[in-house]
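**Q** Sharing a structure with you now.
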Amino acid sequence: MEPGPSSPSPSSACAGHPTPAPEEDEDGGEGVGGRAGERADAPKVIDWEDLQQELARVWSLSAALATARERKALLAARLQSALEARKASVQQDNELAEIRERVQARADFMWDLKMHTKKMTEDVDDRREELRIKIRTLSTTSNTLSTAQNKLKEADKLLSGENGLHVRLKTVERMLRTRQQYMTAQVAHLYPVRPLIERSPANKPSFLNSSILKTRDAESMAPNGSQNGQAPLAILGLQLSKLTMKKTGYFSDKTEIQNSATALGYVAHAVSLIASYLDVPLRYPLRLGGSRSYVLDRAPSVESSSLASAISSAPLSTTMRTMEFPLFFESQETTRSAYAIFLLNKDIEQLLNHIGAESLGPRHVLANLKQLTTIVQSQQYISN
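Numbering (full-length UniProt numbering), first residue to last: 1 to 384.
Here's what the structure looks like:
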């Protein structure tokens, strides 16, 4: 084998010059002398006979080094390519993981949306069912209302027609009021209430009677309607005694008292008849008996069992008891009779209120009765 261009010449080796120290290669390794374990500063003496062999050895090592470098470069390129491929794979894995996360989040969102849609669908179905029920109810109500309107129209036709119920009712009511007016006129004809112009001697009070009678108030009005000097009213020629007298004496005029009781009996009978004709139940019923008539008052009565129970504030038993008050004077006490006349006047006031009139006062028995019969006999009573 011939030495390469980089090998030293044989003359220099034969001349005994020392061989230079081997240089380090690019990888940091030692030269041929370093691989032999010799020190770099120690010269190595090679014999001529071994020179050819050493040169071949160096050339072989140089070729092996070049091959190693090529392999190194190839491995470096392959390693770089593998690293780049690995980096791309890792990047793709990261992107794939992000895509998976987004897909999972989207799937969760779609699941929630699906559940919400399902719930909304159920709610819509429930509302639709409720609306169906309401529509059916509304339809039924509409049909009922339509039927009621038709019936109302028919009833309106029946009422508002010429021969309608309203007209017939008005006609019947007018006939009824006419009948009531006629019957009341008969009562007014039976018991006429007129001003008393002349008095018979029997009706005049005696001096003894006028001196004994006592009154509460000297200016009190008589129940016969006399006021301010006007002629007093009388029923069938009989006038009432004063309401305010308290006691009758032994020498009182019995004729005047009897006439007053008879007049009150007439008034009671007339009031009872008119109340029955007007179909008005009297608040204070009457028990007719001519000159011995009574007014009934249903008032609660409180009864105590004993004095001890009253002292101990025990509860008292309250019962309804009907009390009778005479429309005539009993013995010398006239308080009950005066109260009976007051209740009779309240009955007349009740009838006046029934026909829309007002009473003239609590002491105008005959005046209130005359006003009652006058209003009932008027044309306004029938038209109203």
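Where is the CB? At the ideal position from N, CA and C, for every residue including glycine.
(1) Should the region 269-288 be called in touch with the region 182-193, which here means at least 3 C-beta pairs below 8 angstroms?
(2) Using 8 angstroms as the cut-off, can you tell me whether the region 288-300 makes contact with the region 321-328, which would need three or more C-beta pairs spanning the two stretches below that distance?
(3) Can you name the residues that DSSP bridges to V295?
(4) Does DSSP classify V193 as helix, strand or coil?
(5) What's the C-alpha gap between D217 and T335?
(6) Please list the terminal residues of the continuous alpha helix (DSSP H) segment that includes L264.
(7) For R168, collect the residues of the same chain with a Cβ closer than 8 angstroms to its Cβ; drop the 5 residues on either side in sequence, then sort them by chain order.
(8) Could you give the DSSP three-state label for A231: helix, strand or coil?
(9) Whole angstroms is fine: what's the gap from M245's alpha carbon to R283's?
(10) From the DSSP output, which residues share a beta bridge with L238?
(11) Assign L360 to one of three DSSP states: helix, strand, or coil.
(12) For F342, collect the residues of the same chain with a Cβ closer than 7 angstroms to its Cβ; drop the 5 residues on either side in sequence, then sort them by chain order.
(13) Please classify D347: is it buried, with 16 or more other beta-carbons within 10 angstroms of its beta-carbon, or exposed?
(14) Taking its Cβ as the centre, do 16 or more other Cβ atoms sit within 10 Å of I373, making it buried, or is it exposed?
(15) Mind checking T141: buried by the 16 CB within 10 Å criterion, or exposed?
(16) Which whole-angstrom value describes the C-beta separation of P192 and A231, a residue pair presumed to lie in contact below a C-beta threshold of 8 angstroms?
(17) Any idea what DSSP makes of S139, helix, strand or coil?
(18) Would you kindly work out how many angstroms separate the C-alpha atoms of A56 and A64, rounded to a whole number?
(19) Applying the 10 Å Cβ sphere with the 16-neighbour rule, what's the burial state of N345?
(20) Take the Cβ of R241 as the centre, count every other Cβ of all protein chains shown within 10 Å, and call the residue buried at 16 or more, exposed below.
(21) Spatial neighbours of H166 within its chain, please: C-beta separation below 8 angstroms, excluding the five flanking residues on both sides.
(22) Quick one: using the 10 Å Cβ neighbour count with 16 as the cut-off for buried, is I99 buried or exposed?
(23) Rounded to whole angstroms, what is the Cα-Cα separation between T262 and L327?
(24) Should V45 go down as buried or exposed, given a rule of 16 or more other Cβ atoms within 10 Å for buried?
(25) Between the alpha carbons of L351 and V280, how many angstroms are there, rounded?
(26) Under DSSP, the alpha helix (DSSP H) around Q350 begins and ends at which residues?
(27) Given G265, which residues of its chain have a CB within under 6 angstroms of its CB, disregarding the five upstream and five downstream residues?
(28) Given this structure, state the Cα-to-Cα distance separating A88 from A97, to the nearest angstrom.
(29) Taking C-beta to C-beta, are N259 and L288 nearer than 8 angstroms?
(30) Going by beta-carbon coordinates alone, are T178 and I375 separated by less than 8 angstroms?
(31) Between which two residues does the alpha helix (DSSP H) harbouring K370 extend?
**A** For this structure:
(1) The region 269-288 makes contact with the region 182-193; the number of CB pairs closer than 8 angstroms reaches 3 or more.
(2) By the Cβ rule, the region 288-300 counts as touching the region 321-328, because three or more pairs are nearer than 8 angstroms.
(3) The sequence position of residue 295 within the sequence shown is 295, counting from 1. Paired residue(s): L286 and F325.
(4) Residue numbering aside, residue 193 sits at position 193 when the sequence shown is read from its first letter. Strand.
(5) One-based indexing of the sequence shown puts residue 217 at position 217. One-based indexing of the sequence shown puts residue 335 at position 335. At D217, the pLDDT of 34 sits below 50, so the modelled position is not reliable and the matter cannot be decided from this model.
(6) In the sequence shown, residue 264 corresponds to position 264, counting from 1. Per DSSP, L264 belongs to the alpha helix (DSSP H) from K254 to Y277.
(7) Taking the sequence shown and counting its residues from 1, the one referred to as residue 168 is at position 168. Cβ-Cβ distances below 8 angstroms link R168 to nothing in the same chain once the five nearest sequence neighbours on each side are left out.
(8) Within the sequence shown, residue 231 is the residue found at index 231, counting from 1. In the three-state scheme derived from DSSP, where H, G and I count as helix and E and B as strand, A231 is classed as coil.
(9) The count along the sequence shown starts at 1 and reaches residue 245 at position 245. The count along the sequence shown starts at 1 and reaches residue 283 at position 283. The pLDDT assigned to M245 is 44, lower than 50, so where the model puts this residue is not dependable; a value taken from the coordinates is nonetheless given after this. If you take the alpha carbons of M245 and R283, they lie about 26 angstroms apart.
(10) Taking the sequence shown and counting its residues from 1, the one referred to as residue 238 is at position 238. Beta-bridge pairing links L238 to I235.
(11) Stepping through the sequence shown from its first residue, residue 360 is reached at position 360. Shown here, L360 sits in coil according to DSSP, grouped into three states, outside any helix or strand.
(12) Numbered from its first residue, the sequence shown carries residue 342 at position 342. Shown here for F342: same chain residues with a beta carbon closer than 7 angstroms to its own, the five before and five after excluded, namely P362 in chain order.
(13) As a working note, residue 347 is residue 347 in the sequence shown. If you draw a 10 Å sphere on the C-beta of D347, you find 16 or more other C-beta atoms in it, and that means buried.
(14) If you number the sequence shown from 1, residue 373 lands on position 373. The sequence as given places Thr at residue 373; Ile does not occur at that position. Per the 10 Å Cβ criterion, buried.
(15) Residue 141 sits at position 141 when you count from the first residue of the sequence shown. Burial call: exposed.
(16) As a working note, residue 192 is residue 192 in the sequence shown. As a working note, residue 231 is residue 231 in the sequence shown. Actually they do not touch by this definition, with Cβ atoms about 14 angstroms apart.
(17) Position 139 of the sequence shown, counted from the first residue, corresponds to residue 139. DSSP places S139 in the helix class (H, G or I) of the three-state scheme.
(18) Working through the sequence shown from its first residue, we reach residue 56 at position 56. Working through the sequence shown from its first residue, we reach residue 64 at position 64. Between A56 and A64, the C-alpha separation is close to 12 angstroms.
(19) Against the sequence shown, residue 345 aligns to sequence position 345. Result: buried.
(20) As a first step, residue 241 must be located in the sequence shown, where it is residue number 241. The sequence given here has Ser at residue 241, not Arg. By the neighbour-count rule (16 or more Cβ atoms within 10 Å), S241 is buried.
(21) Here residue 166 refers to the residue found at position 166 of the sequence shown. The residues are L159 and S160.
(22) Residue 99 sits at position 99 when you count from the first residue of the sequence shown. With fewer than 16 Cβ atoms within 10 Å of its Cβ, I99 is classed as exposed.
(23) On the sequence shown, position 262 is the one that residue 262 refers to. On the sequence shown, position 327 is the one that residue 327 refers to. Per the coordinates, the alpha-carbon of T262 lies some 9 angstroms from the alpha-carbon of L327.
(24) Sequence index remark: in the sequence shown, residue 45 carries index 45 (1-based). It is exposed - the Cβ of V45 has fewer than 16 other Cβ atoms within 10 Å.
(25) Against the sequence shown, residue 351 aligns to sequence position 351. Against the sequence shown, residue 280 aligns to sequence position 280. Taking the CA atoms as reference points, L351 sits about 7 angstroms from V280.
(26) Residue 350 sits at position 350 when you count from the first residue of the sequence shown. Segment T335 to H354, the alpha helix (DSSP H) holding Q350.
(27) Here residue 265 refers to the residue found at position 265 when the sequence shown is read from its first residue. Scanning its chain for C-beta atoms nearer than 6 angstroms, with the 5 sequence neighbours on each side dropped, one finds around G265 the residues G290, S291 and S293, in chain order.
(28) Translated into the one-based positions of the sequence shown, residue 88 becomes position 88. Translated into the one-based positions of the sequence shown, residue 97 becomes position 97. Roughly 14 angstroms separates the two Cα atoms.
(29) Your numbering for residue 259 matches position 259 in the sequence shown. Your numbering for residue 288 matches position 288 in the sequence shown. Not closer than 8 angstroms, so no.
(30) The sequence position of residue 178 within the sequence shown is 178, counting from 1. The sequence position of residue 375 within the sequence shown is 375, counting from 1. Not closer than 8 angstroms, so no.
(31) Start at 1 with the first residue of the sequence shown, and residue 370 comes out as number 370. Looking at the DSSP string, the run of the alpha helix (DSSP H) that includes K370 is V365 to V376.
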